[in-house]
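When the letters of the sequence shown are read in order and numbered with our numbering, they come out as residues 1170 to 1573.
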Amino acid sequence: MSVVNRKSTKSLMEGTIRDAGAGCEKAGEKLGDVELAGNENVDTQDEESGPNMMDELLGGEASKQRILVTNKTAREKEQLRFQKMLESVSDYSPKYAPYLRACAPLAAKCAVACEVLVPVCVRALGLAAAALALLPLDLLYVLLGLLLCFFGGMYPMTMAALEAWRQAGGKEALNHAHDLWAELGNVLAASEEDDAKDDDGDGIPDVDQMGGKELALRKVKLAITTADPDKLNGALLCMYAGWVGVVAVLKLQFAKTIALGAAIGDFLHKTAAKPCTAVLATAMPPEYHKWIPTLITWLCKLVAIAVAWQVQRIISAFHSAVRGGLMSARGLVEYLNKKGWIHIDTDQSFIDEAIGWSLAGLGFLFQWQMGFSPPFIFTIILWPIQLCEYFIMWSLSDATAPQY
């Protein structure tokens, strides 16, 4: 890689991180700093200690996230509102009404948890991106290279999708994503104001006196009248077009993997159809026999996708280890050169390649020993990325899967 290319790559990475950090911080402020009016007994913290990390994540004293975390009464009211709206859905599906009503309390708690966690996660990403952007560019290059070297092969689809997304206009898509967050923030703010209304003057908010169906219709009407349809339409169209472009690029990039998965699936289905049909016909009641061909098809497809993408994961792990190792080594050498601690011309010396290939070997061995899966603690922290990885794999494999 030439010096010019390295510098342009670094500048691009720095700009991407700064844009992402600014977008996350704006989205976090828009979503999080919404006042929840009409709630009493809000727990307050000692102001003498000053702001800390928890204050940054939860927002100010009037932010909805802080109130829902610290005020049990507000949290229970919010859960009850979600529960009433979810139970109202059962009126439109009598067949599944008992199941919907049974799941409504748990679903309401999950909805409130998401209402708290989503803005907090957005703020955390913004703070992390802002902190990374403050690092010297060469050290940032080293850090990103190490992450790619030791963890790149664990999320090959996600990293390839991000690269394709960036090339297809990632900055514009980020701006549209911010528009969506902003519109969501506007709807949430209007909803909080609506929750505090007491038009009949009886001292009880109107939303707490409504049935589930009436409350759901009121909130839907509020969302429709508050959101900007032009912004929503433009943002959704842009992001959908970007996703279609990403899928097209990835299908070309991983065409061999998709073809391998289709071939394995075809072979498995032909081999396993008769014995599996006999076993399932014996194990399942007669009224379920019509599902046997479908079950066998999906089982073969799942196995084929797993095998094909495991092969691709090994290839991607080696590629990411080499790329990340060299990236990290070159960034380290350039940083030490700028500090005056060493004087090495990377275009005339092989020391950066020696360090890079050594890191690449360690990175690939680490990924191999981990089974090309992240450590347990990272699995918990990075589960959204893992979910995204599975979704992309399935999306690429589904359209070209063989029809049996």
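C-beta atoms are modelled at their ideal positions from N, C-alpha and C, and glycine is treated no differently.
Cβ distance (whole Å) where residue i is taken to contact residue j below 8 angstroms
i, j, result
"D1375", "D1368", "6 angstroms"
"H1458", "A1452", "Going by Cβ atoms, the distance from H1458 to A1452 rounds to 11 angstroms, so no, they are not a contact pair."
"T1395", "A1359", "4 angstroms"
"L1384", "K1253", "6 angstroms"
"L1429", "V1389", "With 8 angstroms as the limit, L1429 and V1389 do not qualify as a contact, their Cβ atoms being about 46 angstroms apart."
"L1644", "L1301", "The chain is shown from 1170 up to 1573; residue 1644 falls before or after that span and cannot be answered."
"D1348", "L1391", "Between L1391 and D1348 the Cβ distance is about 19 angstroms, and since that is not below 8 angstroms, they are no contact."
Same chain, Cβ closer than 8 angstroms to residue i, five either side skipped, listed in chain order
i, result
"S1564", "V1416"
"F1547", "F1320"
Reference residue i, options the options, closest by Cα
i, options, result
"W1350", "K1400, A1486, A1329 and K1420", "K1400"
"E1341", "L1304, K1264 and Y1409", "Y1409"
"Q1536", "Y1324, G1380, P1444 and C1557", "Y1324"
"Q1234", "S1257, A1280, Y1261 and K1253", "A1280"
"E1356", "Q1336, G1380 and R1387", "Sequence inspection shows Val at residue 1356; the Glu mentioned does not correspond to that position. When each option's Cα is compared against that of V1356, the closest is R1387."
"F1541", "S1518, R1482 and F1547", "R1482"
"L1331", "G1530, L1419, H1512 and A1442", "L1419"
"G1228", "K1253, L1286 and P1267", "L1286"
"Y1559", "M1328, Y1310 and D1516", "M1328"
"F1487", "L1303, L1317 and I1513", "L1317"
"I1574", "I1554, L1303, I1427 and P1444", "Nothing about residue 1574 can be read from this structure; the chain reaches only from 1170 to 1573."
"E1245", "D1260, P1274, A1231 and E1230", "P1274"
"G1339", "P1462, S1518 and C1407", "C1407"
Cβ neighbours of residue i in the same chain (closer than 6 angstroms, five flanking residues each side left out)
i, result
"A1276", "L1255"
"E1503", "D1307"
"L1556", "none"
"F1154", "This structure cannot speak to residue 1154, because the chain is shown only from 1170 to 1573."
"W1478", "M1562"
"A1297", "none"
"A1529", "A1490, V1491 and G1494"
"E1194", "Reliability of the predicted coordinates at E1194 is poor, the pLDDT of 49 falling under 50, and the value obtained from them is presented with this limitation in mind. So the list reads G1295, once near-sequence residues are dropped."
"I1511", "L1505"
"Y1265", "none"
Contact set for residue i: own chain, Cβ-Cβ below 7 angstroms, skip 5 residues either direction
i, result
"Q1248", "A1277, K1278 and V1281"
"L1226", "V1289, R1292 and A1293"
"P1543", "F1320, M1323 and L1551"
"W1334", "A1342, G1411 and V1415"
"I1520", "V1502 and I1513"
"T1455", "Inspection of the sequence shows that residue 1455 is occupied by Pro rather than by Thr. None."
"I1554", "Y1324 and T1327"
If we count Cβ pairs, one from each stretch, closer than 8 angstroms, do we get three or more for the stretch 1520 to 1531 versus the stretch 1478 to 1497?
yes
Inter-stretch contact (C-beta, 8 angstroms, three-pair minimum) for the stretch 1429 to 1436 and the stretch 1465 to 1475:
yes
Starting from the N-terminal side, write out each stretch of the alpha helix (DSSP H) that is 4 residues or longer and does not extend beyond the stretch 1299 to 1377.
1306 to 1320, 1325 to 1336 and 1339 to 1364
Every unbroken beta strand (DSSP E) inside the stretch 1521 to 1547 [3 residues or more]
none
Hey, which unbroken runs of the alpha helix (DSSP H) at 4 residues or more fall wholly within the stretch 1440 to 1525?
1461 to 1508
In chain order, which continuous runs of the alpha helix (DSSP H) of length 4 or greater are located wholly inside the stretch 1374 to 1440?
1381 to 1395 and 1398 to 1422
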